[in-house]
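Residue numbers (my numbering), protein chains in the order written: chain A, 1 to 514; chain L, 1 to 152.
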Amino acid sequence: MSAVVYVSRDAAALSVGAEGVARAIAREAASRGIEVTLKRHGTRGMCWLEPLVEVVVGSERVAYGPVTERDIPGLFAADFLHNGAHALRLGCVEEIPYFAGQQRLTFERVGVIEPTNLTDYLQHNGYEGLRRALSMQPAEIVQAVTDSGLRGRGGAAFPTGIKWKTVLDTPASHKYVTCNADEGDSGTFADRMLMEGDPFLLIEGMTIAAVAVGATQGYIYLRIEYPHAERALTEAIRSAYDAGYLGADVAGSGRRFDLEVRMGAGAYICGEETSMLESLEGRRGEVRVRPPLPAVKGLFGRPTIVNNVISLASVPVILRRGAQFYRDFGVGRSRGTVPIQLAGNIKRAGLVERAFGLSLRELLYDYGGGSASGRPIRTVQVGGPLGAYIPESQFDTAIDYEALSGIGALLGHGGIVAFDDSVDMARMARYAMEFCAIESCGKCTPCRIGSTRGVEVIDRILHGVDREGNLQLLEELCETMVEGSLCGLGGMAPFPVRSALRHFRDDFLKPPTR
Amino acid sequence: MTEELSDILDAHAGVPGPLLLVLHAIQRRLGFVPADAVPYIAERLNLSRAEVHGVLSFYHHFRRAAPGRHVVQVCRAESCQAMGGDALARHAQTRLGIQFHETTPDGEFSLEPVYCLGNCACSPAVMIDEELFGRVSPEQFDALLATLDDEP
Numbered sequence: 001m002s003a004v005v006y007v008s009r010d011a012a013a014l015s016v017g018a019e020g021v022a023r024a025i026a027r028e029a030a031s032r033g034i035e036v037t038l039k040r041h042g043t044r045g046m047c048w049l050e051p052l053v054e055v056v057v058g059s060e061r062v063a064y065g066p067v068t069e070r071d072i073p074g075l076f077a078a079d080f081l082h083n084g085a086h087a088l089r090l091g092c093v094e095e096i097p098y099f100a101g102q103q104r105l106t107f108e109r110v111g112v113i114e115p116t117n118l119t120d121y122l123q124h125n126g127y128e129g130l131r132r133a134l135s136m137q138p139a140e141i142v143q144a145v146t147d148s149g150l151r152g153r154g155g156a157a158f159p160t161g162i163k164w165k166t167v168l169d170t171p172a173s174h175k176y177v178t179c180n181a182d183e184g185d186s187g188t189f190a191d192r193m194l195m196e197g198d199p200f201l202l203i204e205g206m207t208i209a210a211v212a213v214g215a216t217q218g219y220i221y222l223r224i225e226y227p228h229a230e231r232a233l234t235e236a237i238r239s240a241y242d243a244g245y246l247g248a249d250v251a252g253s254g255r256r257f258d259l260e261v262r263m264g265a266g267a268y269i270c271g272e273e274t275s276m277l278e279s280l281e282g283r284r285g286e287v288r289v290r291p292p293l294p295a296v297k298g299l300f301g302r303p304t305i306v307n308n309v310i311s312l313a314s315v316p317v318i319l320r321r322g323a324q325f326y327r328d329f330g331v332g333r334s335r336g337t338v339p340i341q342l343a344g345n346i347k348r349a350g351l352v353e354r355a356f357g358l359s360l361r362e363l364l365y366d367y368g369g370g371s372a373s374g375r376p377i378r379t380v381q382v383g384g385p386l387g388a389y390i391p392e393s394q395f396d397t398a399i400d401y402e403a404l405s406g407i408g409a410l411l412g413h414g415g416i417v418a419f420d421d422s423v424d425m426a427r428m429a430r431y432a433m434e435f436c437a438i439e440s441c442g443k444c445t446p447c448r449i450g451s452t453r454g455v456e457v458i459d460r461i462l463h464g465v466d467r468e469g470n471l472q473l474l475e476e477l478c479e480t481m482v483e484g485s486l487c488g489l490g491g492m493a494p495f496p497v498r499s500a501l502r503h504f505r506d507d508f509l510k511p512p513t514r
Numbered sequence: 001m002t003e004e005l006s007d008i009l010d011a012h013a014g015v016p017g018p019l020l021l022v023l024h025a026i027q028r029r030l031g032f033v034p035a036d037a038v039p040y041i042a043e044r045l046n047l048s049r050a051e052v053h054g055v056l057s058f059y060h061h062f063r064r065a066a067p068g069r070h071v072v073q074v075c076r077a078e079s080c081q082a083m084g085g086d087a088l089a090r091h092a093q094t095r096l097g098i099q100f101h102e103t104t105p106d107g108e109f110s111l112e113p114v115y116c117l118g119n120c121a122c123s124p125a126v127m128i129d130e131e132l133f134g135r136v137s138p139e140q141f142d143a144l145l146a147t148l149d150d151e152p
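So this is what it looks like as structure tokens:
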């Protein structure tokens with residue numbers, strides 16, 4: 001019987017040599033006359049172990065990693081195809097503590113199945129959520145999503161069901177479902193990992209959304225930096241059409257839903273929902289003034305659902321297992337699970353899906369294993385480039401929308417970037433303003449001009465020019481940006497700046513640099 | 001060029017909101033969007049030249065001049081900064097002898113900053129011609145360029 005070996009085809013795994021490892025396994029097997037079936041799956045999210053090789057042994061999958069091409073002859077010599085002992089052997093993949101402790105609902109198939117194999121998807125409960133949805137009234141589907149407590153995982157944390165209800169209740173000849181896959185926050189890769197590892201799940205989630213609100217056309221707005229995800233989605237959409245899960249008669253229901261991927265073009269601001277809609281319409285990604293809300297007047301002026309990848313991909317499990325099942329995970333007003341992405345200077349970087357309520361400290365040390373450099377973690381930035389820097393003294397804060405906002409931070413899309421004690425926080429504050437200046441859409445003055453002035457003011461502080469006066473000016477500038485900007489870019493770029501000032505003021509007062 | 005442009009615009013007839021799709025298609029074909037394509041696109045899509053230029057110049061991805069044979073993108077965002085991304089960015093500029101947004105005089109390499117490649121668990125990250133690389137040290141960066149130099 002042919003041995004079955006899994007090697008990830010996720011972009012992160014490929015970036016550290018998974019393709020070469022897969023080829024080396026095939027080559028070595030051929031030269032030894034051993035039959036091996038190579039399967040390519042998504043990543044388990046234990047990125048520090050990539051390239052991770054999984055061998056099917058009985059009903060389990062035994063992991064070896066991180067594997068390099070040079071390790072392959074040795075692995076064959078150790079008979080790794082039959083669970084042989086080797087220095088890289090990690091045991092059953094699902095018993096690795098990092099993975100075993102997770103609560104995988106949204107990511108349950110990622111790293112398990114072959115991503116674009118529809119049969120594999122169906123064998124792992126795929127499309128059961130849609131089947132349930134098709135037996136329900138639209139209002140019941142929306143109610144189930146509302147009852148689950150799901151809030152927008154893109155960052156705004158707006159209740160998904162409420163958004164859907166507005167679209168459902170707004171009469172129109174055409175409605176749209178759009179997926180915001182413009183995952184631009186540094187430190188985040190959950191959307192990418194999901195689209196590459198289980199693209200049918202996103203397609204199913206969008207189809208359920210369409211059925212719920214009566215939409216007939218969907219768009220996935222995908223960032224251009226994700227060519228691997230584009231290929232996976234395109235392939236999966238084609239299979240879904242061929243199998244009748246998309247098109248004129250979705251799963252035999254008589255309803256139409258068409259779906260296509262539209263590529264962004266390298267603009268961070270297009271992660272903001274109204275600029276994403278502008279971009280989808282073929283214009284500059286400039287923010288629209290709200291109201292009207294996209295749910296009432298969105299894409300091409302029609303009622304439109306705009307949801308993040310993870311929000312939409314969480315819907316099938318809610319329909320399949322019930323709102324109560326999903327709601328039973330989490331704490332307070334943060335229900336369900338959340339994929340946390342550990343990045344930056346962290347030993348075990350990767351994705352951890354857990355119910356809300358875990359503390360930052362548990363994530364950074366129990367999962368992350370501390371810094372990669374071995375030096376103390378000085379701060380973490382949570383929620384991307386517009387997220388606050390959190391000092392060590394607040395690491396006991398729980399991952400929970402309200403708890404984080406209580407310390408002036410935000411969860412955003414769930415990215416945590418760790419920095420060790422070599423970080424210069426004045427430079428990070430300067431970078432936040434610089435990033436805002438580069439990515440501002442230019443529509444409103446506080447963001448367009450404020451960010452540029454912000455860089456200049458911080459430079460004067462660093463150069464030792466009237467430090468007290470300029471620190472005061474920086475505070476006032478931050479306030480103007482927060483209060484006066486049209487959207488979250490200018491409105492939140494001051495978060496990292498202010499948190500750096502509050503917790504790491506000494507970094508701004510070091511001997512002047514030139 | 002006109003025939004290629006005409007084909008691309010024909011292929012997008014009737015598509016709602018086609019401008020980004022058209023610009024992507026042109027850039028995929030030619031490597032950039034030439035200035036003299038703008039009036040033609042405008043006419044075909046019933047837009048003003050200012051609107052087309054406005055979109056073309058808004059998005060970082062669109063190029064208005066031919067890039068080098070290889071496009072090297074170095075991530076400049078926070079996660080990569082936390083893992084030595086600044087040193088890698090300096091090294092890339094020194095190694096190639098150019099600044100960001102420039103192309104080497106022999107037309108071989110263009111160097112571009114990018115704000116997150118979504119490979120944050122394997123920082124620092126680099127993308128070369130749509131191929132992604134993670135945990136890139138300055139030495140590995142040189143090795144990657146060397147493999148490209150060897151290509152015919």
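Cβ coordinates follow ideal geometry from the N, Cα and C atoms, glycine included.
Return the first residue and the last residue of the alpha helix (DSSP H) that residue i is part of.
| i | result |
| --- | --- |
| G491/A | 488-492 |
| D242/A | 227-242 |
| Q102/A | First-last for Q102/A: undefined, no H or E at that position. |
| C436/A | 425-439 |
| K447/A | Looking at the sequence shown, residue 447/A is not Lys but Cys. Its alpha helix (DSSP H) spans residues 445-462. |
Answer yes or no: does any C-beta atom of chain L fall closer than 8 Å to that of residue i?
| i | result |
| --- | --- |
| P292/A | no |
| Q394/A | no |
| P227/A | yes |
| A18/A | no |
| S275/A | no |
| E272/A | no |
| A12/A | yes |
| M263/A | yes |
Assign residue i to buried or exposed, taking buried as 16 or more other Cβ atoms, counted over all protein chains shown, within 10 Å of its Cβ.
| i | result |
| --- | --- |
| A11/L | exposed |
| P152/L | Residue confidence is low: P152/L scores 47 on pLDDT, short of 50, so the model does not pin down where it sits. No coordinate-derived value is stated. |
| A418/A | buried |
| P105/L | exposed |
| E3/L | exposed |
| Q217/A | buried |
| S173/A | exposed |
| P171/A | exposed |
| N46/L | exposed |
| H228/A | buried |
Starting from residue i, follow the beta strand (DSSP E) in both directions and report where the run begins and ends.
| i | result |
| --- | --- |
| D120/A | Unbroken run through D120/A is the alpha helix (DSSP H), 118-123; no beta strand (DSSP E). |
| L386/A | Taken as a continuous stretch (DSSP letters only), L386/A belongs to no beta strand (DSSP E), as it is neither H nor E. |
| Q217/A | 217-222 |
| E260/A | 258-263 |
| I407/A | Unbroken run through I407/A: none, as it is neither H nor E. |
| F133/L | 131-133 |
| N180/A | 176-181 |
Give a yes or no on whether the C-beta atoms belonging to residue i and residue j are separated by under 8 Å.
| i | j | result |
| --- | --- | --- |
| Y176/A | A215/A | yes |
| P496/A | Q381/A | yes |
| I213/A | W164/A | A quick correction: the sequence has Val, not Ile, at residue 213/A. Cβ distance < 8 Å, so V213/A and W164/A count as in contact. |
| S451/A | G490/A | yes |
| E204/A | G111/A | no |
| L521/A | V287/A | Past the edges of chain A, shown from 1 to 514, lies residue 521/A, and the structure says nothing about it. |
| R151/A | A181/A | no |
| L363/A | I340/A | yes |
| A426/A | L462/A | yes |
Would you please verify whether the beta carbon of residue i is less than 8 Å from any beta carbon of chain A?
| i | result |
| --- | --- |
| P16/L | yes |
| L20/L | yes |
| E139/L | no |
| Y59/L | yes |
| L132/L | yes |
| P152/L | Below a pLDDT of 50, predicted positions are generally treated as unreliable, and P152/L, at 47, falls in that range; no measurement from the model is reported. |
What are the partner residues of residue i, as DSSP defines its beta bridges?
| i | result |
| --- | --- |
| I377/A | D420/A |
| C75/L | V114/L |
| S334/A | V331/A |
| L501/A | Note: L501/A sits in no beta bridge, so no partner. |
| S57/L | None, per the DSSP bridge assignment. |
| H70/L | F109/L |
| S8/A | H41/A |
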